[in-house]
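The numbering used here puts the first residue of the sequence shown at 15, with every later residue one more than the last. To start, the structure under review is shown below, and the notes come after it.
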Amino acid sequence: MGTVEILGTAQDAGVPHLGCRCVNCEAAREDVRQTRYASAIQLSDGGQYLFDATPDVRFQLTDVPDGVFLTHAHLGHLTGLLYFGRESTDADELPVYATPGLVDVIRDNEPLCSLVANGTVDLRSVADDVVSLEETAVTPFRVEHRESVPTGTLSYRIDGPDRSLLYLTDIDTLSDRAESLIRDVDVALVDGTFWSSDEIDRVADVPHPTVRSSMNDLNDADTEVVFTHLNHTNPLLNPGSDERERLESAGFRVAERGDTITL
Ligand SMILES: [Zn+2]
Ligand SMILES: [Zn+2]
Ligand SMILES: [Zn+2]
């Protein structure tokens with residue numbers, strides 16, 4: 015059996031967001047229960063595997079996992095890797111899975127390359143090969159997410175004995191291929207960065223499908239779709255909002271820290 019626990023549900027920079035005084039950020043500053051860590055999950059299947067090494071990792075994990083699966087090289091998904099180094103846990107040959115390009119970046123650049131030199135991490139390139147773990151199997155898929163990140167972006171599918179889950183936090187648009195990856199699994203954690211495209215004034219720089227449009231596209235899917243990676247501007251953060259009501263009455267959910275999914 016495998017269990018996935020949701021460790022974080024926010025866009026890379028978390029909630030509250032540095033420098034922002036929007037209603038969601040101010041609410042999170044006033045009430046710590048409304049803070050959200052950057053998106054990450056942990057798979058337990060006999061071993062413990064972290065997906066995304068976020069800047070919030072020291073709040074999200076108690077112990078060093080048995081492996082880390084990286085999705086891509088943006089702030090919320092990579093920088094927590096440094097917490098496994100000598101200033102912190104000083105892990106020993108921690109397996110870290112990433113695209114071949116990201117493996118090269120980690121190996122060749124400070125401060126991350128010290129993790130390799132010190133034997134903290136054991137880098138493992140993954141392309142589209144299946145990684146078999148104790149009782150589950152993890153399959154990486156390349157997805158389109160601002161190809162200005164030349165090292166590429168991965169979504170991960172996790173297959174357990176009974177059910178399958180897709181972890182897809184960052185994608186430019188809900189392409190036909192992305193949609194079929196979602197429709198192919200029992201549970202999908204899906205890019206829910208923005209509810210609508212008018213939330214920020216530089217949305218063209220940070221393309222993501224809006225939750226509104228994804229709800230339309232996935233309306234007839236049998237998959238249990240759970241939105242995660244929410245930006246601090248997203249009205250879905252407010253449990254009492256009309257947008258949350260619309261989402262839930264259409265059969266979708268917002269991911270919450272501590273949620274578990276059995277595979
Ligand atoms: Zn992200
Ligand atoms: Zn804000
Ligand atoms: Zn990203």
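Cβ coordinates follow ideal geometry from the N, Cα and C atoms, glycine included.
Identify whether Leu-203 lies in helix, strand or coil by the three-state DSSP scheme.
The count along the sequence shown starts at 1 and reaches residue 203 at position 189. Reduced to three states, the DSSP call for Leu-203 is strand.
Roughly how many angstroms lie between the CA atoms of Gly-166 and Arg-156, to the nearest whole one?
Stepping through the sequence shown from its first residue, residue 166 is reached at position 152. Stepping through the sequence shown from its first residue, residue 156 is reached at position 142. Spanning the two alpha carbons is a distance of roughly 7 Å.
Does the distance between the C-beta of His-88 and the nearest non-hydrogen atom of ligand 3 fall short of 7 Å?
Indexing the sequence shown from 1 puts residue 88 at position 74. His-88: yes, Cβ under 7 Å from ligand 3.
How long is the line joining the alpha carbons of Val-152 and Gly-99, rounded to whole angstroms?
In the sequence shown, residue 152 corresponds to position 138, counting from 1. In the sequence shown, residue 99 corresponds to position 85, counting from 1. Distance between the alpha carbons of Val-152 and Gly-99 is about 25 Å.
For the beta strand (DSSP E) that contains Ala-192, what are its first and last residues?
Taking the sequence shown and counting its residues from 1, the one referred to as residue 192 is at position 178. Element bounds for Ala-192: not the beta strand (DSSP E) but the alpha helix (DSSP H), 190 to 197.
Rounding to the nearest angstrom, what Cα-Cα distance links Asp-136 and Val-163 in this structure?
The residue given as residue 136 occupies position 122 in the sequence shown. The residue given as residue 163 occupies position 149 in the sequence shown. Spanning the two alpha carbons is a distance of roughly 23 Å.
Alpha-carbon to alpha-carbon, Pro-175 and Ala-41
Numbered from 1 along the sequence shown, position 27 holds the residue referred to as residue 41. Numbered from 1 along the sequence shown, position 161 holds the residue referred to as residue 175. Taking the Cα positions, Ala-41 is about 41 Å away from Pro-175.
When DSSP builds the beta bridges, which residues end up paired with Tyr-63?
Sequence index remark: in the sequence shown, residue 63 carries index 49 (1-based). In the DSSP assignment, the residues bridged to Tyr-63 are Leu-57 and Gly-81.
Per-residue burial, Phe-73 [other beta carbons within 10 Å of its own, 16 or more giving buried]
Here residue 73 is taken as the residue at index 59 of the sequence shown, counted from 1. Phe-73 is exposed by the Cβ-count criterion.
Could you tell me which residues DSSP pairs with Arg-267 in its beta bridges?
Reading the sequence shown from its first residue, position 253 is the one you call residue 267. Assignment of beta-bridge partners to Arg-267 by DSSP yields Val-240.
My guess is that Gly-28 and Arg-50 are in contact by the Cβ rule of under 8 Å, so how many angstroms apart are they, rounded?
What you label residue 28 is simply residue 14 of the sequence shown in a count that begins at 1. What you label residue 50 is simply residue 36 of the sequence shown in a count that begins at 1. Sure, about 6 Å apart at Cβ, within 8 Å.
Beta-carbon separation (whole angstroms), Pro-223 vs Ile-196, contact threshold 8 Å:
Numbered from its first residue, the sequence shown carries residue 223 at position 209. Numbered from its first residue, the sequence shown carries residue 196 at position 182. Contact flag wrong, Cβ pair sits at about 11 Å.
Just to confirm, does Asp-184 get its C-beta within under 7 Å of one of the non-hydrogen atoms of ligand 1?
Numbered from its first residue, the sequence shown carries residue 184 at position 170. Taking 7 Å as the cut-off, the C-beta of Asp-184 counts as close to a heavy atom of ligand 1.
Compute every distance between the C-beta of Cys-280 and the non-hydrogen atoms of ligand 2, then say whether any falls below 7 Å.
The chain is shown only over 15 to 277; residue 280 falls outside these bounds and no answer can be derived.
Along the beta strand (DSSP E) that carries Val-140, what are the first and last residues, could you check?
By one-based count along the sequence shown, residue 140 stands at place 126. Following the DSSP letters along the chain, one finds Val-140 in no beta strand (DSSP E), marked with neither H nor E.
Quick check: the Cα distance between Val-199 and Asp-122, rounded to an integer number of angstroms?
Within the sequence shown, numbered from 1, the residue matching residue 199 stands at position 185. Within the sequence shown, numbered from 1, the residue matching residue 122 stands at position 108. Approximately 36 Å, taken between the alpha carbons.
Give every residue of the same chain whose Cβ lies closer than 8 Å to the Cβ of Glu-107, excluding the five residues on either side of it in the sequence, and list them in chain order.
Taking the sequence shown and counting its residues from 1, the one referred to as residue 107 is at position 93. Gly-133, Thr-134, Val-135 and Asp-136, listed in sequence order.
For Pro-114 and Ala-141, believed in contact at Cβ under 8 Å, the rounded distance:
Reading the sequence shown from its first residue, position 127 is the one you call residue 141. Reading the sequence shown from its first residue, position 100 is the one you call residue 114. Confirmed, Cβ separation roughly 7 Å.
Beta carbon of Leu-277, beta carbon of Gly-60: below 8 Å?
Taking the sequence shown and counting its residues from 1, the one referred to as residue 277 is at position 263. Taking the sequence shown and counting its residues from 1, the one referred to as residue 60 is at position 46. Going by C-beta atoms, Leu-277 is not nearer than 8 Å to Gly-60.
Classify Asp-143 as buried or exposed, calling it buried when 16 or more other Cβ atoms lie within 10 Å of its own Cβ.
On the sequence shown, position 129 is the one that residue 143 refers to. It counts as exposed.
Would you call the region 53 to 71 and the region 256 to 265 touching, i.e. three or more CB-CB distances under 8 Å?
Short answer: they don't touch.
Do you know offhand how far Met-229's Cα is from Thr-237's?
Here the question's residue 229 lines up with position 215 in the sequence shown. Here the question's residue 237 lines up with position 223 in the sequence shown. Between Met-229 and Thr-237, the C-alpha separation is close to 12 Å.
Does ligand 3 have even one heavy atom less than 7 Å from the beta-carbon of His-159?
Here residue 159 corresponds to residue number 145 of the sequence shown, with the count starting at 1. Ligand 3 approaches His-159 closely enough that one of its heavy atoms is under 7 Å from the residue's Cβ.
Quick check on DSSP: helix, strand or coil for Val-225?
The residue given as residue 225 occupies position 211 in the sequence shown. Looking at Val-225 - three-state DSSP - the assignment turns out to be helix.
Among Leu-96, Thr-68, Leu-129 and Arg-138, the one whose alpha carbon lies nearest that of Gly-81:
Against the sequence shown, residue 81 aligns to sequence position 67. Restricting attention to Leu-96, Thr-68, Leu-129 and Arg-138, the CA atom closest to the CA of Gly-81 is found in Arg-138.
Here's a check: name, in chain order, each residue in its chain whose Cβ is nearer than 6 Å to the Cβ of Val-110, leaving out the five neighbours to either side.
As a position in the sequence shown, residue 110 is number 96, starting the count at 1. Excluding five sequence positions before and after Val-110, the CB atoms of its chain that fall closer than 6 Å to its own CB belong to Val-82, Val-135 and Leu-137, given in chain order.
For Leu-203, which of Phe-65, Asp-45 and Cys-39 has the nearest alpha-carbon?
Looking up residue 203 in the sequence shown gives position 189. With distances taken between Cα atoms, Leu-203 lies closest to Phe-65.
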